[in-house]
Structures are given as structure tokens and as C-alpha cells.
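Structure record follows, encoded as C-alpha cells.
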Amino acid sequence: YGARTVWWKSSLLSWKIEVRRRAPPWIILGVNQSLLSSGVFNWSNMILPMGLIYDAKQIALRDPAARSVAGVVLLYPGFHALVYYKISHFFYGLKWLGLARWISERGKHHTGVEIHPGARIGKGLFIDHGAGIVIGETSIIGDNCTIYHGVTLGGRGHAKHTKRHPTIGDNVLIGSGAK
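Numbering (my numbering), first residue to last: 1 to 179.
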């Protein structure tokens, strides 16, 4: 990402300015070009604020105790768990697995909700009360789902590189204590 030279001249001075073009974000982050062309790394899923704003609005609409979207953003541990998940999932997509798991663990200690960075979660997930929720690596959760406290979307076997966790469709409510 080379430089371009621009000359600026005035009656008294002559200036030479070197203008550098900034490298694209995937070069800065060290993402392989083949990863971008495959379906693994999708930029539309990586735009954090847009998805989080939608999630906060959905939580405020579906929770009768929510006073405002700002209250959801500041006070709801389920929303905070989604923030940690989206950041860790971003790094998981970059194949920075250690950093992704570290961020996920920080989120678990902060919110009490354990979401593996490899899980695929649709938009509008509402985690109510959040305590004791576990979402495994190969879990897939659809759009606009609600999960209450004590839910485990855990494994059904020990085989590696296979689908071990459940798939949840769109608009599903999972009650307290479901395993």
C-alpha cells in the first residue's frame, strides 16, 4: 500500500507531502484473502454496532420490565453476554482461537452466561436473567429467540469435528432449566 507524492508550491516555499493510503482492515488484522472469499468470514456479521443495536431494541420490546433501550445496554447481563460473544466470535472467525476463548471466558465471569465463540447466533436473541446459560460450540440459534435462565445447549457426544449441540429455529422460546 504504497505512497503517493504530492507537491505543493507557494511563492515562498515548496513542500513535498507524502500521502500514504491506509491498508484495508483485513490486511491490518492479518486475515488471509482465501478466508474472505470463503463463507467463514462474513463482513456483514462483523459489523458490531448494527447487530447490537437491533438486539437491544428487540430485548426492550420483548421484556416487559425494560424501561428503555439505554437501560438494556447499560444494565442487562444477557445483552452484555451478546457483546462479549460478538467480539469473541469475530476473533474466532479470524482463527485467533486463544484470544476468542479468553474474551469468552471474561464474558462468562462478568455475566454468568457461557457462549462458545464458535456458536452461531441469529439476530435478536434475548437472554433473560442469564444465570447459568451454556451455549456450546456447534450450537445454532435462529433469529428472535428467547432463552431463560438455567438453559444448557450442551453436547450430545464427544466426537470432534461433528455437530454435537442442538439447532434452534427462529422465534423459539426456551424455558428455565431446559437441557
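Using N, Cα and C, we set each Cβ at its ideal position, and we do this for glycine too.
What residue range is occupied by the uninterrupted alpha helix (DSSP H) comprising residue i?
| i | result |
| --- | --- |
| valine 72 | 69-75 |
Please report the distance separating the alpha-carbon of residue i from that of residue j.
| i | j | result |
| --- | --- | --- |
| valine 73 | glycine 51 | 13 Å |
| threonine 138 | glycine 118 | 7 Å |
| glutamine 58 | leucine 97 | 30 Å |
| valine 69 | alanine 56 | 6 Å |
| valine 83 | arginine 67 | 20 Å |
| glycine 150 | glycine 175 | 9 Å |
| isoleucine 168 | glutamate 105 | 23 Å |
| threonine 162 | glycine 136 | 12 Å |
| alanine 65 | aspartate 128 | 11 Å |
| serine 171 | valine 113 | Residue identity differs from the one stated: residue 171 is asparagine in this sequence, not serine. Each residue's Cα considered, the two are about 20 Å apart. |
| histidine 89 | alanine 100 | 7 Å |
| asparagine 32 | isoleucine 103 | With a pLDDT of 49 at asparagine 32, under the threshold of 50, the modelled position of this residue cannot be trusted, and the question is left open. |
| alanine 60 | alanine 159 | 39 Å |
| isoleucine 87 | tyrosine 148 | 22 Å |
| lysine 95 | threonine 152 | 25 Å |
| leucine 173 | isoleucine 140 | 14 Å |
| phenylalanine 91 | valine 134 | 20 Å |
Just tell me which of the options has its CA closest to the CA of residue i.
| i | options | result |
| --- | --- | --- |
| arginine 120 | Thr111, Gly107, Gly93 and His129 | Gly93 |
| tyrosine 76 | Trp102, Thr152 and Gly130 | Gly130 |
| lysine 123 | Asp63, Phe79 and Ala65 | Phe79 |
| arginine 156 | Lys179, Asp143, Cys145 and Val172 | Lys179 |
| arginine 62 | Lys160, Ala159 and Asn144 | Asn144 |
| glycine 132 | Lys95, His109, Ile140 and Leu173 | His109 |
What is the C-beta distance between residue i and residue j, in whole angstroms, given that I count them as a contact (C-beta under 8 Å)?
| i | j | result |
| --- | --- | --- |
| histidine 165 | glycine 154 | 7 Å |
| threonine 111 | phenylalanine 126 | Contact doesn't hold; Cβ gap of about 14 Å is too wide. |
| isoleucine 115 | alanine 81 | 6 Å |
| glycine 71 | tyrosine 85 | That pair is no contact at about 20 Å. |
Which two residues bound the contiguous beta strand (DSSP E) that contains residue i?
| i | result |
| --- | --- |
| valine 134 | 133-135 |
May I ask you to check if the CB of residue i is nearer than 7 Å to at least one heavy atom of the ligand SAH?
| i | result |
| --- | --- |
| phenylalanine 126 | Of ligands this structure carries none, so the ligand SAH is not represented either. |
Going residue by residue through the segment 63-117, where are the continuous alpha helix (DSSP H) segments of at least 4 residues, counting only ones entirely within it? Taken in chain order, the complete alpha helix (DSSP H) segments of 4 or more residues contained in the segment 63-117 are 69-75, 77-93 and 97-111.
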